[in-house]
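Scroll down for the structure; my scribbles are underneath it.
There are 2 protein chains.
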Amino acid sequence: MSRRTSSAAHPESPPVRPLRADAERNRQRVIAAAQELFARRGLDVTLDDIARHAGVGVGTAYRRFANREELIDAVFEGALQHLIALAEQALAHEDPWEGLVQLFLATGQDFADDRGLRQALLESTHGKDRAAAARERLTPAVSAVITRAQQAGQLRDDIEPSDFPLIQLMLGAVTQHSRNVAPELWKRYLTLILDGLRRDRDHPTPLAHPALDQDEFDQTMT
Amino acid sequence: MSRRTSSAAHPESPPVRPLRADAERNRQRVIAAAQELFARRGLDVTLDDIARHAGVGVGTAYRRFANREELIDAVFEGALQHLIALAEQALAHEDPWEGLVQLFLATGQDFADDRGLRQALLESTHGKDRAAAARERLTPAVSAVITRAQQAGQLRDDIEPSDFPLIQLMLGAVTQHSRNVAPELWKRYLTLILDGLRRDRDHPTPLAHPALDQDEFDQTMT
DNA sequence: CACCAAGCGGAGATGCGATCTCCGCTTAAG
DNA sequence: CTTAAGCGGAGATCGCATCTCCGCTTGGTG
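Keeping their order, the protein sequence lines are chains A and B.
Mapping the first sequence onto our numbering, position 164 (from 1) lands on 280, and the numbers just tick up by one.
Mapping the second sequence onto our numbering, position 187 (from 1) lands on 303, and the numbers just tick up by one.
So, in structure tokens, the structure goes:
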């Protein structure tokens, strides 16, 4: 966690004056509250909500973060770094295919745990620029994992790096709908997709999650 | 209330009710405009928009359709019947696997062509009841197609009927994001998923659509 | 053709919910 | 103790969708 976002970001303060202790404390509270609410309810939560959750007045929230964008940036830098670390770990895995599987699983889990992250990175609605910048930082490591699995003859050759985020997008759609009923259902479909991604296979891989039963299904789809 | 929609199971049968000629004409215009706007821009379009598109006053729209629900029902009955017909055609296909593939393709195309249909049937946001009722009418035929493909030893056994709509949901997510750039991209991922669904396969099936190039990718994901 | 109720248009009333400001009060810091 | 930084949160403002109301138009009938 960084202290002040950056030195050259505020229009109202040429010299960077340190915040008063209580002010800095409140600032952190707001970020923490935003993190939690973004994760649980998405990027559309109101600043009023975040402020209330943080236990500060609305005015305080608006004083520190002129707009919602600043707040989102402050919150998601950490999540982005985590994703990058995951890709590098995947690349370090001894087996290329298993590394790819790990990457799908770990990334999918991050997205499953954080609705705001899904929106920021996978959905177009909230800020094109941030998503583009984030993906630019992620692409190299992800591409390397994919290429390595192809060179090992384990991943089909007609897959490209751009397929990775689109597959995550598909899984995110499942997560989004089943989150309250079967939060790990996305793993079922990931297994299916992985069986499609494998270059050769004679038997289906056991699915990672059972199908929804009637009740779960109704709750998920309605 | 005693209009035609209430007891009408058939959209084509006006059960004797005096509606002045110009009124009936306007009613049809509103339905046509709604169909087009729902398909293109989703179920959230305002009734004002629909009225303007239909070339009638807002008052006229509200006079015929007390609420948006009535209008949606009037518009989607036809689409639903088409989906049911598709499932029955799939069941009539001589090869069970090919029948299933056809069902995925044809249904996916309907969804790709109609954003409103995706929202009404796949997303929870707009009216649980309609979606549930629609799925109830669809399930029997879809289940039959799936079961038949499994009995023929072509579809893996651990798939269940509830997987069908969830796979369509995933494809719908791709469609939603790529619609302006590569409207058929969803077929790429359908091929992948089908390769995962097949019971046995030694070689990957050629993908139905090329991966996005850099420009297309940027436009899709941002 | 004459008549009139059915129908029409669309401005605007209503409601809702988010954003952001303002100012009197509180408190950290020197 | 002094004082300016900071606080809270009511409420002003804005935007936007829903739905109504009423004076005018028109189809259908005798």
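Built from N, CA and C at the ideal position, the CB exists for glycine as well.
For the candidate residues the options, whose alpha-carbon lies nearest to that of residue i?
i: Q343(B); options: R231(B), H325(B), D329(B) and A324(B); result: There is simply no residue 343(B) to check, as chain B begins at 117 and stops at 338 in what is shown.
i: L207(A); options: A265(A), A155(A) and H319(A); result: A265(A)
i: Q284(B); options: T223(A), Y305(A), V217(A) and A268(A); result: Y305(A)
i: L254(B); options: A268(B), F280(B), G243(B) and D273(B); result: F280(B)
i: R145(A); options: A222(A), R180(A) and D160(A); result: R180(A)
i: G171(B); options: E204(B), A148(B) and A137(B); result: A148(B)
i: W302(A); options: T176(A), A289(A) and L271(A); result: A289(A)
i: G158(B); options: A228(B), E140(B) and D211(B); result: A228(B)
i: E300(B); options: I309(B), I275(B), P277(B) and P326(B); result: P326(B)
i: L216(B); options: F154(B), L271(B) and L287(B); result: L271(B)
i: R295(A); options: A182(A), T338(A), L202(A) and Q151(A); result: T338(A)
i: A251(B); options: R317(A), N183(A), D138(A) and Q330(A); result: Note that residue 251(B) is Arg in the sequence shown here, rather than Ala. Comparing Cα positions, the closest option is Q330(A).
i: L282(A); options: F220(A), H242(A), K244(A) and R317(A); result: F220(A)
i: R346(A); options: Q205(A), E204(A) and Q151(A); result: This structure cannot speak to residue 346(A), because chain A is shown only from 117 to 338.
i: Y178(B); options: M286(B), K244(B) and A139(B); result: A139(B)
i: Q225(A); options: R133(A), G312(A) and L287(A); result: L287(A)
Spatial neighbours of residue i within its chain, please: CB distance less than 6 Å, with the 5 preceding and 5 following residues excluded, ordered by chain position.
i: V174(B); result: D164 and A167
i: V297(B); result: E332, Q335 and T336
i: F192(A); result: A236
i: T176(B); result: N142
i: A195(A); result: L233
i: R156(A); result: none
i: L249(B); result: The question names Leu, but residue 249(B) in the sequence shown is Ala. For A249(B), where only same-chain residues beyond five positions count, there are no Cβ hits under 6 Å.
i: G312(A); result: none
i: V132(B); result: Legend: pLDDT at V132(B) = 49, less than 50; position of this residue unreliable, value from coordinates given subsequently. Hits under 6 Å: none found.
i: E204(A); result: A257
Could you pull the DSSP bridge partners for residue i from this structure?
i: L271(A); result: R314(A)
Spatial neighbours of residue i within its chain, please: CB distance less than 7 Å, with the 5 preceding and 5 following residues excluded, ordered by chain position.
i: Q197(A); result: none
i: D273(B); result: Q266
i: T263(A); result: none
i: P277(A); result: T255, V258, S259 and I262
i: T223(B); result: L199, L202 and Q284
i: L153(A); result: V161, D165, I166 and H169
i: A324(B); result: K303, R304, L306 and T307
Starting from the C-beta of residue i, find all residues in its chain whose C-beta is less than 8 Å away, skip the five residues before and the five after it, and write them out in chain order.
i: G269(A); result: R315
i: R143(B); result: L135 and R180
i: S240(A); result: A247
i: W213(A); result: A265, A268, Q270, L271 and R314
i: L328(B); result: S294, V297, A298, L301 and T336
i: L310(B); result: V217, F220 and T321
i: H209(A); result: G215 and Q218
i: D318(B); result: none
i: I275(B); result: I262, Q266 and L313
i: V242(A); result: With the sequence shown as reference, residue 242(A) is identified as His, and Val is not the correct amino acid for it. Cβ neighbours of H242(A) beyond the five flanking positions: L159, I188, Q235 and A236.
- Message: Please give the ranges of any alpha helix (DSSP H) in the stretch 208-271 of chain A, keeping only runs that are unbroken, at least 4 residues long and fully inside the region.
- Response: 212-229, 231-238 and 244-267
- Item | Segment contact, 8 Å Cβ cut-off, at least three pairs: the stretch 236-251 of chain B with the stretch 181-201 of chain B | yes
- Message: Runs of 3 residues minimum, wholly inside the stretch 135-215 of chain B: which ones carry the beta strand (DSSP E) assignment?
- Response: none
- Complete alpha helix (DSSP H) runs within the stretch 274-338 of chain A (minimum length 4 residues, chain order): 279-294, 301-313 and 330-337
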